[in-house]
Ligand code: SAH
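Numbering (this note's numbering), first residue to last: 96 to 299.
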């Protein structure tokens, strides 16, 4: 997976490559899907949600430019896989999930795997996590019709926000770097995520 899907497609950050080699992706999936865990596509998890394709996980993670000292916010805990990757690469991970059963399962698994620097809460992540802000980096793992303003507000200056923005069935992956005044935006390519539902996302 790391060689043919990640390195061959341009993922260069050594820490990201090492971490994706190390974290057992199959454990975040139901048993019948274990044999497909390292294949080049997204897979279903509970509650009609999905775990992203390995390449997209790597691409988004690399764009956060983590060195090990950061406080990172994730919106959309899902299976907890992306949170585990972040926890290996940053100091602390705060992750928000709107579906309680997913949050509970992810919390249990991450605890079992020994992660002590991840905190998960059940909430509408489009509002961010004000009490824990500001963040060095924010990653949104569900597709949004626009960039939720609270997430920009809760980012440090020079902080990175990575988020899929666009239509329901296709989005553009955006990287926004916050500056003193406004921000710099880069398009990282097309993608397809499940809906970000909430006050600053899609309406339920
Ligand atoms: N990062 C996950 C994949 C997430 S799938 C992983 O590694 O497995 C997207 C997740 O975003 C779903 O679990 C969905 O319930 C959640 N989600 C959607 N809208 C949300 C919101 N407003 N706040 C928090 N989570 C949300």
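For each residue, glycine too, the CB sits at the ideal point set by N, CA and C.
Owing to the predicted nature of the structure, the values given are computational and were not obtained by experimental measurement.
Presumed contact (8 Å Cβ cut-off) between residue i and residue j, rounded CB distance
| i | j | result |
| --- | --- | --- |
| residue 173 | residue 236 | 7 Å |
| residue 233 | residue 208 | With a Cβ gap of about 23 Å, residue 233 and residue 208 do not count as contacting. |
| residue 180 | residue 152 | 6 Å |
| residue 120 | residue 132 | 5 Å |
| residue 150 | residue 112 | Rounded, the Cβ-Cβ distance is 12 Å, inconsistent with contact. |
| residue 146 | residue 124 | 7 Å |
| residue 293 | residue 175 | Contact doesn't hold; Cβ gap of about 20 Å is too wide. |
| residue 245 | residue 223 | 4 Å |
| residue 154 | residue 283 | 6 Å |
Which residues DSSP lists as bridging residue i, in chain order
| i | result |
| --- | --- |
| residue 146 | 138 |
| residue 282 | 269 |
| residue 292 | 297 |
| residue 250 | 230 |
As assigned by DSSP and simplified to three states, the class of residue i
| i | result |
| --- | --- |
| residue 167 | strand |
| residue 213 | strand |
| residue 255 | strand |
| residue 263 | coil |
| residue 101 | helix |
| residue 159 | coil |
| residue 174 | coil |
| residue 126 | helix |
| residue 115 | helix |
| residue 120 | helix |
| residue 110 | helix |
| residue 153 | helix |
| residue 179 | helix |
Cβ shell of residue i (< 6 Å), same chain only, five flanking positions each side left out
| i | result |
| --- | --- |
| residue 185 | 161, 165 and 167 |
| residue 108 | 157 |
| residue 279 | 272 |
| residue 287 | 265 |
| residue 296 | 221 and 239 |
| residue 171 | 236 and 237 |
Beta-carbon proximity list for residue i, same chain, < 7 Å, skipping 5 on both sides
| i | result |
| --- | --- |
| residue 258 | 235, 239, 242 and 269 |
| residue 188 | 167, 169, 178, 181, 182, 212 and 213 |
| residue 230 | 166, 167, 168, 249, 250, 251 and 254 |
| residue 142 | 194, 196 and 197 |
| residue 129 | 121 |
Residue i Cβ short of 8 Å to ligand 2 heavy atom set
| i | result |
| --- | --- |
| residue 265 | Looking for ligand 2 in the displayed structure turns up nothing; the ligands present are ligand 1. |
Own chain, CB closer than 8 Å to residue i, minus 5 neighbours either side, in chain order
| i | result |
| --- | --- |
| residue 274 | 252 and 253 |
| residue 118 | 176, 179, 180 and 183 |
*Taking only runs that begin and end inside the region 182-248, name each unbroken alpha helix (DSSP H) of 4 or more residues, in chain order.*
195-207 and 244-248
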